[in-house]
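Scroll down for the structure; my scribbles are underneath it.
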Amino acid sequence: GDSVTQMEGPVTLSEEAFLTINCTYTATGYPSLFWYVQYPGEGLQLLLKATKADDKGSNKGFEATYRKETTSFHLEKGSVQVSDSAVYFCALTLTGRGSTLGRLYFGRGTQLTVWP
Amino acid sequence: SAVISQKPSRDICQRGTSLTIQCQVDSQVTMMFWYRQQPGQSLTLIATANQGSEATYESGFVIDKFPISRPNLTFSTLTVSNMSPEDSSIYLCSGGDRFYEQYFGPGTRLTVT
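Keeping their order, the protein sequence lines are chains A and B.
With the working numbering applied, the first sequence covers 38 to 153.
With the working numbering applied, the second sequence covers 11 to 123.
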């Protein structure tokens with residue numbers, strides 16, 4: 038079935054370190070891919086998205102590229118800040134016939150903690 | 011973008027009682043969904059809230075336990091009925107007009123004692 042697999046957390050980094058959070062997916066058809074971020078005590082915020090293969094989503098210094106050949110959408114940031122500490126969720130939605138438009142399939146989430 | 015609010019933000023309830031959670035969107039949206047997030051876990055879809063008709067439930071969720079209303083394009087409610095401690099979770103609603111832009115409410119943190 039359709040699913041998202043994220044790397045296990047937690048991830049702990051020092052400020053200004055490089056971040057990678059791996060995400061791979063299994064889906065029928067051509068999904069759209071997302072990264073959501075959840076800060077402590079808050080709901081989910083859309084961080085970035087990519088709707089077709091080779092698209093690169095970017096926002097707030099974060100980037101992810103939709104790789105159809107490896108079914109991946111890894112999240113990267115060149116220099117993390119303490120304020121980036123949050124839980125990050127990779128997700129997909131399907132757009133083909135019979136799909137529920139807007140319905141998201143989420144990965145388990147990865148807790149990121151950045152120390153000063 | 012859409013701004014989504016939920017009420018209540020948190021509640022502590024006794025087992026056997028029911029709680030209704032409200033979700034309000036600041037603009038009309040085509041799609042609305044209800045998710046559950048158990049402590050330290052990912053989000054699980056409960057149901058799609060359909061405007062003017064019965065909600066569409068995911069496997070493992072039933073209308074008698076989680077009745078949902080959606081009277082218009084900006085509002086929906088989820089009721090958690092006959093609660094047990096296993097229902098302790100964060101309940102989130104989401105909405106949007108485009109499949110690639112779904113916005114989430116801040117969540118309702120429910121504790122059942």
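Beta carbons are placed, not taken as given, at the ideal position from N, Cα and C, and that holds for glycine.
Residue i (DSSP reduced to helix, strand or coil)
| i | result |
| --- | --- |
| E113 (chain A) | strand |
| P95 (chain B) | helix |
| V72 (chain B) | coil |
| D107 (chain B) | strand |
| V13 (chain B) | coil |
| V119 (chain A) | helix |
| R145 (chain A) | coil |
| D9 (chain B) | Because chain B here runs from 11 to 123, residue 9 (chain B) falls outside it and cannot be looked at. |
| S40 (chain A) | strand |
| T87 (chain B) | strand |
| Q51 (chain B) | coil |
| N82 (chain B) | strand |
| Q112 (chain B) | strand |
| A65 (chain B) | coil |
| T150 (chain A) | strand |
| R119 (chain B) | strand |
| L129 (chain A) | strand |
| R20 (chain B) | strand |
| R46 (chain B) | strand |
Nearest neighbour of residue i, chosen from the options [CA to CA]
| i | options | result |
| --- | --- | --- |
| R80 (chain B) | B:E96, B:Y67 and B:A59 | B:A59 |
| S19 (chain B) | A:G78, A:T42, A:N59 and A:L85 | A:G78 |
| E52 (chain A) | A:V119, A:S109 and A:W72 | A:V119 |
| P153 (chain A) | A:E45, A:A54, A:P47 and A:V41 | A:A54 |
| F43 (chain B) | B:Y67, B:V13, B:S91 and B:P95 | B:Y67 |
| T42 (chain A) | A:K93, A:L70 and A:G66 | A:L70 |
| T30 (chain B) | B:G115, B:L88, B:S63 and B:Y110 | B:L88 |
| Y45 (chain B) | B:S37, B:F76 and B:S63 | B:F76 |
| L56 (chain A) | A:K105, A:F143, A:K114 and A:S136 | A:K114 |
| C127 (chain A) | A:G66, A:D92, A:A87 and A:G135 | A:A87 |
| E96 (chain B) | B:K17, B:V13 and B:C23 | B:C23 |
| S94 (chain B) | B:V122, B:Q61, B:F114 and B:A65 | B:V122 |
| D91 (chain A) | A:G98, A:H111, A:Q75 and A:G80 | A:H111 |
| G26 (chain B) | B:L102, B:G106 and B:N92 | B:N92 |
| K17 (chain B) | B:G105, B:G106, B:Y101 and B:D107 | B:Y101 |
| Y67 (chain A) | A:S109, A:L50, A:G144 and A:N59 | A:S109 |
| P104 (chain B) | B:S69, B:M41 and B:D21 | Here the sequence assigns Ser to residue 104 (chain B), which means Pro is not the residue at that position. Considering only alpha carbons, the answer is B:M41. |
| C60 (chain A) | A:Y76, A:S40, A:Q82 and A:L50 | A:S40 |
| G135 (chain A) | A:T65, A:L81 and A:T107 | A:T65 |
| V48 (chain A) | A:D121, A:Y62, A:T63 and A:K105 | A:D121 |
| N96 (chain A) | A:K105, A:Q82 and A:E106 | A:Q82 |
Whether residue i touches residue j by CB criterion (8 Å)
| i | j | result |
| --- | --- | --- |
| T130 (chain A) | G139 (chain A) | yes |
| V90 (chain B) | L120 (chain B) | yes |
| L141 (chain A) | Q112 (chain B) | yes |
| Y73 (chain A) | K89 (chain A) | no |
| V124 (chain A) | Q148 (chain A) | yes |
| F109 (chain B) | Q34 (chain B) | no |
| S52 (chain B) | G146 (chain A) | yes |
| A12 (chain B) | V39 (chain B) | yes |
| S99 (chain B) | Q47 (chain B) | yes |
| I14 (chain B) | G117 (chain B) | no |
Could you give the uninterrupted runs of the beta strand (DSSP E) lying entirely in the stretch 47-108 of chain A, keeping only those of 3 residues or more?
-> 48-51, 56-58, 60-63, 69-75, 81-87, 93-96 and 99-102
Closer than 7 Å, Cβ to any Cβ of chain A: which residues of the stretch 93-109 of chain B, in chain order?
-> L102, G106 and F109
Could you name the residues of the stretch 51-63 of chain B whose beta carbon sits closer than 9 Å to any beta carbon of chain A, in the order they occur along the chain?
-> Q51, S52, L53, T54, L55 and T58
Got a sec: which bits of the stretch 73-85 of chain A sit with their beta carbon under 8 Å from any beta carbon on chain B, in order along the chain?
-> Y73, E79, G80, L81, Q82 and L83
Along the stretch 133-151 of chain A, what residues have a CB closer than 7 Å to any CB found in chain B?
-> T137, L138, G139, R140, L141, F143, G144, R145 and G146
Residues of the stretch 114-135 of chain A whose Cβ lies closer than 8 Å to any Cβ of chain B, in chain order = F126, T130 and T132
Quick one: which residues of the stretch 85-110 of chain A get their C-beta closer than 8 Å to a C-beta of chain B? List them in chain order.
-> K86 and T88
In chain order, what residues of the stretch 51-71 of chain A put their CB closer than 7 Å to some CB of chain B?
-> S69
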